[in-house]
Structures are given as structure tokens and as C-alpha cells.
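Reading through the C-alpha cells given below for one structure.
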Amino acid sequence: MKKIIFIIVPVLLIALLVFLIIQYMNRINSQKGALQVTSSPVSKVYLNNKYIGTSPLSKIDPNDMIQAGTYTIRLVSADASLSEYQEKITISSGILTVVDRRFGKGALSEGYVISLALISNKNNAELEIISFPSGSNIELDSNEIGKTPLLYKKPTESDHLLKISKNGYKEKTVRIRTPNGYRLTVIAYLGVKSNAENEISPTPTPTEMALTPTPSATQSATKALILDTPTGFLRVRVSYDLSSAIITTVNPGDTFLLIGEQTGWLEIKLPDGRTGWVSSQYAKKQ
């Protein structure tokens, strides 16, 4: 009997130790969040002055995610003549934070940061919009909701099209999703229009026309529907190659104008006018 106890006790202790280690690792992993960084031109990415890679950067795999917390992100353009970009961001547990930057000379630079933070009310969502410059007009799904800075209470839990604009600046259009129990914060940097752009008559741009197509265009255009994915989003790439750079991500249920096809890939037009490629495994023609 003593021999049996002598064998069983160490086994139980080892099993308990393994269980505690697994629980600890699960808890550590659950406190991590994802980060995606895109920029033009390519830039070096630093978090709290620690180099973490070159854009386009995706820290979305469980083993590669970042500890939740507040960080200073810094992007240093490959073009030494362009000023670096620095901003405070929040990485939340299990949440993707998105940073996009389009470098330009001085005030011509533009971009945005999208992040999520928990709120006490689990039955509603909040949308916070901050812009530089402030006082910019805000449209949500083509409805004017105010000027920046704005905390918009109780947006519906769904996908939305957010548009931020101001005279003399380039319009910024971002597709977002507002989940209940979270405040989604969008910090938008509007680039100053160049002299050539200011001289153009205010006719609809190709991006605007794509967002509000005429009935005839809608009927004749072929669209691509994004299907469910294991990750909850689908990467859009520069080319029809898994090794090509990631432009952005899109969500299941989104539809886009179909531009072209290659074996295993569909080329789509994004709301901001850019085009990119998605895997036809998770997208289909409509």
C-alpha cells in the first residue's frame, strides 16, 4: 500500500504542476492582442523604441501577439527625407489594433489608428472619432453625426462606413465594426490637398462613386462577397501571391467591386479606391 501511495503522489503532483503551467500559459496568451501596421512607403516599426519589424507588419498569430497595454508606436520611413511618425496606441486583449500611415512631405502625410477598449456597458457600443485637424465633418453610413472630436453613443453593432472630411484636406474613408461592450476609437490624420487637387472641380471622385453607385452601375457590376474565415477577417494583398504585402483586412459579409481574377484569387476594389487580391477560398463572385 505504501508503495502504491509512493507512486501515486508524485504522479498527482506532476499532473497538478502540468495543469498549473497550462493554466498560466493560457492566462498569459489571453492577455495579448494583435497589431497590424501598413505604410507607404515601407517603414521600420518600433514599439516603445524596440524594433519589431518592417511594414506591412502583422502580429496576429497567437504566438506572435503583443502583451496588452499602452505603447508608443513609431514608424520610420525608408525615405529618409520624410519625417517619422509617432503615436500612442492601446493593445487590448484578443483585439486587433490597426495602424496605417501614408507618408508625405510635411502636412501631406495622412493615416489612421483604430483601436478597441472595454466599456462597462456590455449591451451597447461607443464610437470615438478624433481627427487632425479637429472640427472635421463626420459621416457614418452617409449620415452626418457631428464634428471631431466626437464620442458617439450607441452605434449599432454592425459594419459601418466612416467618412471624415474638411475643406482643404483629403477625405478619409474607413470601414469599421462596432461590437457591443467596446469603445472603438478612430484617430484620423487628414493630409492637406496639393495645389493641383484644390484646383479640381468638386465632381465625385472614383472612390465616392464606388460608395454610392448609380442603379445602372449596381446592376451591371460584378461583386465579390467575403465569406467566413477561421480568423474572422481576410487579408487583402498587393498581388495574387501569399508572400506579397498585406494592404489591409476585410470582414466576412463585406462586398466589393470585382476587378479581375487569377487562379485561386479575386481582385477587388476597396472603399478608398485602392485595389487588392483576396483568396477565392474565402470569397465568391455574386
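Per the numbering used here, the very first residue in the sequence shown carries number 9; after that it's consecutive. Where a beta carbon is used, it is the ideal one built from N, C-alpha and C, also for glycine.
Quiz item: What separation, rounded to the nearest whole angstrom, lies between the Cα atoms of S247 and I254?
Solution: 9 Å
Quiz item: With burial defined as no fewer than 16 other Cβ atoms inside 10 Å of the residue's Cβ, what is the status of R243: buried or exposed?
Solution: buried
Quiz item: So, helix, strand or coil for Q294, using DSSP?
Solution: coil
Exercise. Express the C-alpha separation of T80 and A125 in angstroms, rounding to a whole number.
Key: 17 Å
Practice problem: For Q39, name the three-state secondary structure that DSSP assigns. | Solution: coil
Practice problem: Return the CA-CA distance between E118 and N175, expressed in angstroms with no decimal places. | Solution: 15 Å
Quiz item: If you draw a straight line from the alpha carbon of W285 to that of N259, how long is it in whole angstroms?
Solution: 14 Å
Practice problem: Ignore the nearest five residues each way along the sequence and tell me which others in G272's own chain have a CB closer than 6 Å to its CB. | Solution: S288
Self-check item: Option in N151, K52, R185 and V106 with minimal Cα separation from I68
Solution: V106
Exercise. Would you please state the rounded distance, in angstroms, between the beta carbons of V182 and L170? I believe it to be under 8 Å.
Key: 5 Å
Self-check item: Alpha-carbon spacing of D149 relative to P163, whole angstroms
Solution: 11 Å
Practice problem: Would you identify the three-state DSSP class for P221, choosing helix, strand or coil? | Solution: Summary for P221: the model assigns pLDDT 35, below 50, so the residue's position carries little reliability; its value from the coordinates is reported in the next sentence. Reduced to three states, the DSSP call for P221 is coil.
Quiz item: Can you tell me whether D108 is buried or exposed, with buried defined as 16 or more other CB within 10 angstroms of its CB?
Solution: buried
Quiz item: Considering only residues of the same chain and omitting the five flanking positions on each side of I195, which have a CB-CB separation below 6 Å?
Solution: V121 and I138
Self-check item: Range covered by the beta strand (DSSP E) that runs through G284
Solution: T283 to S287
Self-check item: Identity of the residues DSSP links to N145 by a beta bridge
Solution: K155 and S173
Practice problem: Say yes only if the C-beta of G102 is nearer than 7 Å to one or more non-hydrogen atoms of the ligand ZN, and no if none qualify. | Solution: Of ligands this structure carries none, so the ligand ZN is not represented either.
Quiz item: Just the Cα atoms here: how many angstroms apart are G61 and V53?
Solution: 5 Å
Practice problem: Check A88 in the structure and name its three-state DSSP category. | Solution: coil
Exercise. Taking only the alpha-carbon atoms, compute the straight-line gap between D167 and Y290 and give it to the nearest angstrom.
Key: 18 Å
Quiz item: What are the partner residues of I195, as DSSP defines its beta bridges?
Solution: V121 and I138
Exercise. Tell me, please, which residues DSSP counts as bridged to I97.
Key: Y79
Quiz item: Taking the alpha-carbon positions, what's the A86 to N131 distance?
Solution: 44 Å
Quiz item: Under a CB-based cut-off of 8 Å, is L169 close to chain C?
Solution: Although the question refers to chain C, the structure presented lacks it and comprises just one protein chain.
Exercise. Go ahead and pull the three-state DSSP assignment for D262.
Key: coil
Exercise. Grab me the residues of S144's own chain with a C-beta within less than 7 Å of its C-beta, minus the 5 sequence neighbours each way, in chain order.
Key: K155, T156, I172, S173, K174 and L198
Quiz item: Whose C-alpha, out of L116, I146 and P49, is nearest the C-alpha of S202?
Solution: L116
Quiz item: Alpha carbon to alpha carbon, what distance is there between R110 and V84?
Solution: 12 Å
Practice problem: Starting from V182, follow its DSSP beta bridges and name the residues at the other end. | Solution: L170
Self-check item: DSSP three-state assignment for A133, whether helix, strand or coil
Solution: coil
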